[in-house]
Amino acid sequence: MPYSGDQDMCCNNFATLSWLQTIDWSGKQDFLATGQKDFFDENDQAYQTVRASGNLTLFTFPTAGHLVPMDQPKLAFDMMQNFVQQNSMSQWFYKLQDPIRSEDL
20 MPYSGDQDMC CNNFATLSWL QTIDWSGKQD FLATGQKDFF DENDQAYQTV
70 RASGNLTLFT FPTAGHLVPM DQPKLAFDMM QNFVQQNSMS QWFYKLQDPI
120 RSEDL
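Per my numbering, residue 20 is the first one in the sequence shown, and the count goes up by one each step.
Structure follows, in structure tokens:
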């Protein structure tokens, strides 16, 4: 479950995605074939961007830097709570109160 803030200059989502494209692992092709899903709140503000396949989910949090839990505490808490509870992504997104705008869920 890698994650980063969209304003992280140290460990950003582009570097993480590049790393996932470079290494060899069993879910690589399936993960790279999936598109990202953007989630929005009731004010049309980006909630988060997710790319998931199998057991790997890559999160990108809006207006967050290197310390996502400081910049987006509620979103980071929700992510960790669902991870610890081993909720599947479909269960997690079903629980979101905010509208989901992705066509391919």
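All C-beta atoms, glycine included, are put in the ideal place defined by N, C-alpha and C.
Look at residue i and residue j and say whether their C-beta atoms are less than 9 Å apart.
i	j	result
M54	L75	Correcting the residue identity first, residue 54 is Gly in this sequence and not Met. No, the pair does not count as a contact, with Cβ atoms beyond the cut-off.
Q26	G84	yes
F78	M20	yes
Within 10 angstroms of the Cβ of residue i, are there 16 or more other Cβ atoms? Answer buried if so, exposed if not.
i	result
C29	exposed
M98	buried
Q19	It is not possible to answer for residue 19, since the shown part of the chain is limited to 20 through 124.
A34	exposed
F50	buried
L94	buried
Y113	Residue confidence for Y113 is low, a pLDDT of 48 falling below 50, so the modelled location carries little weight; the figure read from the coordinates is stated next. Exposed, because fewer than 16 other Cβ atoms sit within 10 Å of the Cβ of Y113.
Q100	exposed
Q91	buried
Q67	buried
Just checking my contact of residue i with residue j at CB under 8 Å: how many whole Å lie between their CB atoms?
i	j	result
F58	V69	7 Å
S23	V103	About 20 Å; that fails the 8 Å criterion.
Between which two residues does the beta strand (DSSP E) holding residue i run?
i	result
F79	Inspection of the sequence shows that residue 79 is occupied by Thr rather than by Phe. It spans L75 to F80 - the beta strand (DSSP E) in which T79 sits, taken as one unbroken run.
S45	Run containing S45: none; DSSP gives neither H nor E here.
G24	Y22 to G24
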